[in-house]
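>
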Amino acid sequence: MAVTRFGVSLEHDLLEALDAYVADNSYANRSQAIRALIEKNIVEKKWLCNRHVAGAIVLVYEPEKYDIAAHLLQIQQKNADRILSSQRFFGKNNLCVEIVAVEGNAQNLTRLSEELISLKGIIHGKLIMSRVD
710 MAVTRFGVSL EHDLLEALDA YVADNSYANR SQAIRALIEK NIVEKKWLCN
760 RHVAGAIVLV YEPEKYDIAA HLLQIQQKNA DRILSSQRFF GKNNLCVEIV
810 AVEGNAQNLT RLSEELISLK GIIHGKLIMS RVD
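According to our numbering, the sequence shown holds residues 710 to 842 in order.
(1) So, helix, strand or coil for Ser839, using DSSP?
(2) Less than 8 Å between the beta carbons of Leu836 and Ser822, yes or no?
(3) Whole angstroms is fine: what's the gap from Asp722's alpha carbon to Asn734's?
(4) Cβ atoms of Val811 and Val767: under 8 Å apart, would you say?
(5) Here's the rule I'm using: 16 or more other beta-carbon atoms within 10 Å means buried, otherwise exposed. How should Gly764 be labelled?
(6) Below 8 Å on the Cβ atoms is my guess for Arg760 versus Asp842; work out the distance and round it to an integer in Å.
(7) Excluding the 5 residues flanking Asn817 on each side, which residues of the same chain have their C-beta closer than 7 Å to its C-beta?
(8) Using the three-state DSSP reduction, which class does Leu828 fall into: helix, strand or coil?
(9) In three-state DSSP terms, what is Glu812?
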């Protein structure tokens, strides 16, 4: 249930930053952006509390280098209890995008993502989590 309260004020440069955030992320309005930011903050606090979360680890790499696919598979097999699925997409410039769907406690998923992202040959990696409790 939404509650409307008036009287919230922001400094001019903070309001400009909020408007830029709204535009950059294609939010319909400031309220939608603020709700998303608050939700993100709540989720991040749950990570710190080591709550049960689900998410995705997104990895970008060149599959031919460093035998990276074999290393990724080895780590994923070792963590099969946390991994729901994994998909690879081959794109332009010989790059592979791998999305690993995960579920478990936040600290374990953070450690797993750090292990995957730190592999030699990973060009970019990011963990995205959301609360599920």
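Glycine included, C-beta positions come from ideal geometry on N, C-alpha and C.
This structure is a prediction, so every number in the text was calculated from the model and none was measured.
Inspection of the coordinates gives the following:
(1) strand
(2) yes
(3) 18 Å
(4) no
(5) buried
(6) 6 Å
(7) Arg791
(8) coil
(9) strand
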